[in-house]
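Here the numbering used here runs 177 ahead of the position in the sequence shown, where the first position is 1.
All residues carry an ideal CB built from backbone N, CA and C; glycine is no exception.
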Amino acid sequence: MIGIFITNIQNEVQLNKIVNSIKTDSPELKVSYDLNETEKQYPCGHTVLRVEGKKINADKILTAVNSYDHNCEILEDKICI
178 MIGIFITNIQ
188 NEVQLNKIVN
198 SIKTDSPELK
208 VSYDLNETEK
218 QYPCGHTVLR
228 VEGKKINADK
238 ILTAVNSYDH
248 NCEILEDKIC
258 I
């Protein structure tokens, strides 16, 4: 199972804190990311957080990111202009 989330995390320091939090709570998950910053406002300008594992609790991922005062949502098909 793979979960893709978009966030407004801006740098690797912030992202590493969140990834470490997720891995501490769920060490079996593989977490990767892409700091795909753009000039656009969130959600069109965003960081991609990818979580892979046998079972993914999306609410836990959302809570982990939000606990660091960042926006996070499950990636949906959106057209950004």
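| query | Taking the continuous alpha helix (DSSP H) assigned at Leu239, which residues delimit it? | reply | Against the sequence shown, residue 239 aligns to sequence position 62. Ala235 to Asn243 is the span of the alpha helix (DSSP H), which, as asked, contains Leu239.
| task | Compare the C-beta of Thr224 with all C-beta atoms of chain B and state if any pair is closer than 8 Å. | result | The structure shown contains no chain B; it holds only a single protein chain.
| query | From which residue to which residue does the alpha helix (DSSP H) around Glu189 run? | reply | Here residue 189 refers to the residue found at position 12 of the sequence shown. Segment Glu189 to Asp202, the alpha helix (DSSP H) holding Glu189.
| task | Over the uninterrupted beta strand (DSSP E) stretch that includes Glu250, give me the two end residues. | result | Position 73 of the sequence shown, counting from 1, holds the residue named residue 250. Segment Cys249 to Ile251, the beta strand (DSSP E) holding Glu250.
| Distance between Asn193 and Gln187 (C-alpha atoms, nearest Å) | Position 10 of the sequence shown, counted from the first residue, corresponds to residue 187. Position 16 of the sequence shown, counted from the first residue, corresponds to residue 193. Going by the C-alpha atoms only, they are around 11 Å apart.
| Between Ile233 and Leu206, which are expected to be in contact by the criterion C-beta below 8 Å, what is the C-beta distance as a whole number of angstroms? | Residue mapping note: residue 233 aligns to position 56 of the sequence shown, counting from 1. Residue mapping note: residue 206 aligns to position 29 of the sequence shown, counting from 1. The Cβ separation is near 7 Å, so the contact holds.
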